[in-house]
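See the structure below:
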């Protein structure tokens, strides 16, 4: 008898979805089916694959409100944010079509003997492991370009958000995609482990740095498998402006650190401010604003909701206690929310100047503040991490920005905007523990196909041999 997987609304504890867990035999069968379907799908003309992707986008559009409400229930996101996620999923279709044409299309140039041609071929069978924080948008960002490129896909959603994964795959099939071209396996770590042990050609993953380390080790002797790892970050935000209203700076800090209840890999985890009155004023404004941030659920008029689960909240509280034990001083602690279930976790602000905190990502709305004497020290503090996903500078001086963007080590670097902002028509990824130099978003096309360079002559003709008449 198959084990059942269930998901629950973290805001209420109510069940949302349930279904059977896929075992190793089911994973092997799914990959075998995908392998058998791969040649035929790759041979389908590109315009037909594109048309199916556009039809999928139309199905999402028709189902957008139902899907948004499912995302909100399964993740605990507020409905306004769940709706933006569905909009991003729909937009990914046209963006992926443009990216494929620009980055991995076909081109040729005339040669004396004929022509030189550049084509791109699909890798074959891609495994996609999805995260829970954006259970639609992030795996969608792998799946859409992979299918357009001609790959087949076996998808395992997060065990915390299986319902959203199932709804996404159902939308593809409703659009007319053949069933074996995109398959879904539901389950937890064992199901994911069984999937990556199969004969796959690529693993496309969004998740934690710890999981990324595991995958690097697991595939060290499988060089034929392409890995695209989009991992976490211990992201710095430098606020270096004594002329701007501190309330404006605090607003941008809050959007960097606490949006999605801190459950974005690009959220700011460290705030770096100048010693003295400017830093003091910003911190005071930040404490005031963070103390007033509305916390809610569903369609509440609020800024943030719960964490993904009570277990996640317990883990975040344990990590917070470790930071305090290491010497961080609490400026604001809303980690327990009155009259709300255990999964709710509000903003936390810590003073950590001179404290050696772990270089780790706490996937919750916890922000550590460090004061430094000058801008050189601010850049050094920003770079004092093994991660390198996102970074931000809040400063009115363009010269500071030019220095910051050239010296800070991160894949997404923003000026006077939240660290969580990213353009759809740009790459998204990081360095070090934050990735493996295969950025996603617009550059996902790069890891979904490989280049094939050809010299082509329509007529057989000898090539001159030097030294022979």
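Numbering (our numbering), first residue to last: 9 to 477.
From the three backbone atoms N, C-alpha and C, an ideal C-beta is built for every residue, glycine too.
Here residue 307 is exposed: its Cβ has fewer than 16 other Cβ atoms, across all protein chains shown, within 10 Å. Remark: fewer than three beta-carbon pairs, one from each stretch, lie closer than 8 Å, so the segment 221 to 239 and the segment 66 to 83 are not flagged as touching.
Pairing residue 282 with residue 452, the inter-Cα distance amounts to about 38 Å. Between residue 18 and residue 99, the gap from beta carbon to beta carbon reaches 7 Å or more. Here the alpha carbons of residue 468 and residue 121 stand approximately 9 Å from one another. When the beta-carbon positions are compared, residue 157 and residue 60 stay at least 7 Å from each other.
Between the segment 437 to 452 and the segment 286 to 306 there are fewer than three inter-stretch CB-CB distances shorter than 8 Å, so the stretches are not counted as touching. The Cβ-Cβ distance between residue 43 and residue 177 does not fall below 7 Å. For residue 458, the enclosing beta strand (DSSP E) begins and ends at 457 to 464. When C-alpha distances from residue 457 are compared across 34, 108, 341, 46, the shortest belongs to 108.
Setting aside the 5 residues that flank it on each side, residue 360 is surrounded in the same chain by 336, 376, 377, 378, each with a C-beta closer than 7 Å to its C-beta; the list follows chain order. In this structure, residue 428 sits away from residue 221, with a CB-CB distance that is not shorter than 7 Å. Counting along the chain, no alpha helix (DSSP H) covers residue 248, and no H or E run does either.
Around the beta-carbon of residue 319, fewer than 16 other beta-carbon atoms lie within 10 Å, marking it exposed. With respect to residue 150, residue 162 sits apart: the two C-beta atoms are not nearer than 7 Å.
At a Cβ-Cβ threshold of 7 Å, residue 353 and residue 390 do not count as neighbours. Across the structure, residue 405 and residue 268 are spaced so that their CA atoms are roughly 30 Å apart. The beta carbons of residue 148 and residue 97 sit closer together than 7 Å.
Looking at the backbone, the Cα of residue 420 and that of residue 465 are separated by about 44 Å. Beta-bridge pairing by DSSP links residue 337 to 359. For residue 443, the beta-bridge partners assigned by DSSP are 238. Nearest to residue 373 by alpha-carbon distance, out of 350, 398, 314, 116, is 314.
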